[in-house]
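Asks: Residue numbers (our numbering): 402 to 625.
We put the CB at the ideal spot given by N, CA and C, even for glycine.
All figures in this text were calculated on a predicted structure; none of them were measured in a lab.
The structure follows.
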């Protein structure tokens, strides 16, 4: 019921936006309507000069902030836990609360010594895996994961820990690739990349307010 309420609110907000006759692409190749949609719901924001800068890379702190907004992680029960001690994220840090939230909810992990490395840039594999963790990773069997990813020429470069998560994102239609279908999992993720994934997730919420079912993969064993 809560998901339905959220979806209806998002639909109302998007419907209030002016219609776009032709949507040009940004310099990153990401359709401008993707950027418009995620900024309209305030999951991501423009810089003070009013520009989005889709080619800019995303840091761990920025990704934490995006995930909290998009999935309303601050409303989850785990957030009520006692604050964690993070040596490189003092209380005065701009994303302190968001970083606490993603760690408490297990959407993101810290490093040795409980450090977070908030300014470290994020790879596409990491960003997609973190997105899938918040969305809900489909528990595909390995054979199904391999089948889903087989159409991407660079699928062998996907780290083992990210394969199931990226298969989830691909199955749901949230994945952006280059013209050849490459996922480029080891490249840094850009703001444009995140805008694309989030806009597709937003559209899915409008179409299917309820939690989506795990799709069946032909000729593959069912997940236990």
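1. Whose C-beta lies closer than 7 Å to the C-beta of residue 500 among residues of the same chain, with five residues either side of it excluded?
2. Let me confirm a value: residue 447 is counted as buried when at least 16 other C-beta atoms fall within 10 Å, else exposed. Which label applies?
3. Does residue 569 come out as helix, strand or coil in the three-state DSSP assignment?
4. What does a CB cutoff of less than 6 Å around residue 530 pick up in its chain, not counting 5 residues either side in sequence?
5. Can you tell me the Cα-Cα spacing of residue 476 and residue 470, whole angstroms?
6. Bridge partners of residue 460, per DSSP?
7. Smallest Cα separation from residue 549: which of 532, 508, 570?
8. Check whether the region 442 to 458 and the region 575 to 586 touch, using three or more Cβ-Cβ pairs below 8 Å as the test.
9. With 16 as the cutoff for other CB atoms within 10 Å, does residue 514 come out buried or exposed?
10. Mind reading off the beta-carbon distance from residue 587 to residue 558? Whole number of angstroms is fine, and I expect it under 8 Å.
11. Short of 8 Å in beta carbon distance, which residues of its chain neighbour residue 472, apart from the five on each side in sequence? Order them along the chain.
12. Candidates 597, 485, 502, 492: which alpha carbon is nearest residue 474's?
13. DSSP on residue 591, reduced to helix/strand/coil?
Replies: Taking the structure as given:
1. 462, 465, 487, 490, 517, 519
2. exposed
3. helix
4. 563, 566
5. 10 Å
6. 522
7. 570
8. no
9. exposed
10. 6 Å
11. 508, 535, 536
12. 502
13. strand
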